[in-house]
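*Asks:* This is the structure, below, for whatever I ask next.
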């Protein structure tokens, strides 16, 4: 199978996995939102921030190094495996001991026991991190799809079942624990490679610079992406954090379903053509075009239909989420493209550039959120949106230097999807005002979503037919 065929197969299976998982997560979230309170989600949101941060150290960037390197030895893989196991155990112990301090910071005593239980996820996942990297390196996304869908389904069943039995916030805890456990078990079963009792520091030094720079980036990136959660939870309370978290996650759903799917496959593919800038540029522009064609209309639709969407699926108790979601929707259009930037830095081996960029961005966004916090969660969302638009140009221009890609060429492939999305937006806004006042939110969605989708497809076919064919080819639907 050629590299192109492997890439197409990888995108197809990665899409199956991501769409399947996100649909299940969305349905599960909608069900749990009616069974649990915003405060329950806020509590787990607080715990997730801490868990995610400590989790950055569990592989120290070695997974990406395995994918990036042209050749890897069994001794290197075994050394990385045992380091991951050790750090997984250490992470569990550290979080277990720090849980009372975290609970004290948030002024939420219930967090102590929640964090202690969730700390087990580190030692469980530590034994399968490398296996996942090996499957990704080999573009074995069919196996990964089966693993990930099975795991998310298991977690959803446990979470909903626990909520129905009255376990409250612990339903979300058990859901996460089940997800991690099933994922680890299946990764060990599906990965043919088995570790040896080898731990060679000399082997680890070969990937240390690349890996540690990437770890540094991950730390600053995580802080930048979660400092808003941290500040909202600390100063505005768990209920406000629950509202903000739901809006942010809804904004992320299209990103996770589209951009991350493609970027995940493109990293190992780009790594294989890292020395050929012409092929790299051509492949990257096709990827960007495909992402824009799908993400732009989705985020535009979310902006127009935020009110009926929230009321129909989550209920009136989540009404404060509507305005926040409308503010964040345009940000989602930008971020759907920015998720691909890291693949350029990593595939070209310049994780040092990536680290420097994220360090500066992390400081800037923290200051921005502190300013926005003065006006509540709406102020935080507005501050985030403004900064996102300001840094758009440099965030793309800098990595493009590595592959000699012009911003003009980048903008050209975005023009068609943008125009088609704006035309769809105008139609939806006009039709929304023509609908009868008081029409149920479910009916509003049922009428406008199909019309918007059909109009966008027609506009796209007229404006950028070639890009549609490229997208279909990437998904393996057009030979």
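In our numbering, the protein residues as written are 127 to 605.
The beta carbon of each residue, even a glycine, is placed where N, CA and C say it ideally should be.
The alpha helix (DSSP H) spanning residue 257 covers which residue range?
*Replies:* Segment 255-263, the alpha helix (DSSP H) holding residue 257.
*Asks:* Could you name each continuous alpha helix (DSSP H) segment of 4 residues or more that falls completely within the region 438-481, going from the start of the chain to the end?
*Replies:* Entirely contained in the region 438-481, the alpha helix (DSSP H) runs reaching 4 residues are, in chain order, 447-464 and 467-473.
*Asks:* Can you check whether the CB of residue 487 is closer than 7 Å to the CB of residue 350?
*Replies:* Yes. Within cutoff.
*Asks:* Rounding to the nearest angstrom, what Cα-Cα distance links residue 358 and residue 503 in this structure?
*Replies:* Computed Cα separation, rounded: 7 Å.
*Asks:* Which residues in the same chain as residue 508 place their Cβ atom closer than 8 Å to its Cβ, once the five residues preceding and following it in sequence are excluded?
*Replies:* Closer than 8 Å at the Cβ level, and outside the excluded window around residue 508, lie 453, 498 and 501.
*Asks:* Please classify residue 444 as buried or exposed, where buried requires at least 16 other C-beta atoms within 10 Å of its C-beta.
*Replies:* Residue 444 should be labelled buried.
*Asks:* When you compare each of 189, 361 and 403 to residue 264 by their alpha carbons, which one comes out closest?
*Replies:* It is 189.
*Asks:* Excluding sequence positions up to five away, which residues of its chain have a Cβ less than 8 Å from the Cβ of residue 229?
*Replies:* 235, 236, 237, 238 and 241, listed in sequence order.
*Asks:* Please state whether the Cβ-Cβ distance between residue 348 and residue 179 is less than 7 Å.
*Replies:* Cβ distance < 7 Å, so residue 348 and residue 179 count as in contact.
*Asks:* What are the uninterrupted segments assigned as alpha helix (DSSP H) that are 4 or more residues long and contained completely in the region 557-601, given in chain order?
*Replies:* DSSP runs (the alpha helix (DSSP H)) wholly in the region 557-601: 567-589 and 591-600.
*Asks:* Only counting the same chain, and skipping five residues up and downstream in sequence, which positions put a Cβ closer than 7 Å to that of residue 393?
*Replies:* Counting only Cβ-Cβ distances below 7 Å, and skipping sequence neighbours, we find 193, 469, 472 and 473.
*Asks:* Hey, quick one: how far does the alpha helix (DSSP H) through residue 166 stretch, first residue to last?
*Replies:* Its alpha helix (DSSP H) spans residues 164-181.
*Asks:* Considering only C-alpha positions, which residue in the set 525, 287, 222 and 389 is nearest to residue 403?
*Replies:* For residue 403, the nearest C-alpha among the options comes from 525.
*Asks:* Can at least three beta-carbon pairs, one atom from the region 269-280 and one from the region 155-167, be found at a separation below 8 Å?
*Replies:* No, the region 269-280 is not in contact with the region 155-167.
*Asks:* Check whether the region 194-206 and the region 214-225 touch, using three or more Cβ-Cβ pairs below 8 Å as the test.
*Replies:* These segments do not touch.
*Asks:* Could you work out which residue in 399, 355, 360 and 425 is closest to residue 376 when comparing CA atoms only?
*Replies:* Closest option to residue 376, Cα to Cα, is 425.
*Asks:* Please classify residue 176 as buried or exposed, where buried requires at least 16 other C-beta atoms within 10 Å of its C-beta.
*Replies:* It is buried - the Cβ of residue 176 has at least 16 other Cβ atoms within 10 Å.
*Asks:* Assuming the contact rule is C-beta atoms closer than 8 Å, residue 380 and residue 514 should be a hit. Round their C-beta distance to whole Å, please.
*Replies:* Not a contact, Cβ separation roughly 15 Å.
*Asks:* How should residue 419 be labelled, buried or exposed, when 16 other C-beta atoms within 10 angstroms of its C-beta is the threshold for buried?
*Replies:* Buried is the call here.
*Asks:* In angstroms, rounded to a whole number, what distance separates the CA positions of residue 435 and residue 428?
*Replies:* Approximately 8 Å, taken between the alpha carbons.
*Asks:* Where does residue 319 land, buried or exposed, given buried means 16+ other C-beta within 10 angstroms?
*Replies:* So residue 319 ends up on the exposed side.
*Asks:* Need the endpoints of the alpha helix (DSSP H) that residue 301 sits in, please.
*Replies:* Run containing residue 301: 296-316, per the alpha helix (DSSP H) assignment.
*Asks:* If we ignore side chains and look at the alpha-carbon of each, how far apart do residue 338 and residue 187 end up?
*Replies:* Between residue 338 and residue 187, the C-alpha separation is close to 6 Å.
*Asks:* Using alpha carbons as the reference points, say which of 437, 246 and 355 lies closest to residue 160.
*Replies:* For residue 160, the nearest C-alpha among the options comes from 437.
*Asks:* Looking only at its own chain, which residues have a Cβ that is under 7 Å from the Cβ of residue 331, when we skip the five neighbours before and after it?
*Replies:* Result list for residue 331: empty, nothing under 7 Å.
*Asks:* To the nearest angstrom, how far is it from the Cα of residue 341 to the Cα of residue 181?
*Replies:* So the alpha carbons of these two residues sit roughly 11 Å apart.
*Asks:* What does the Cβ neighbour count give for residue 533, buried or exposed, with the cut at 16 atoms within 10 Å?
*Replies:* Its Cβ having fewer than 16 others within 10 Å, residue 533 is exposed.
*Asks:* Using a Cβ-Cβ cut-off of 8 Å (strictly less than) and excluding sequence neighbours within five positions of residue 543, which residues of its own chain qualify?
*Replies:* So the list reads 415, 418, 419, 422, 423, 586, 590 and 593, once near-sequence residues are dropped.
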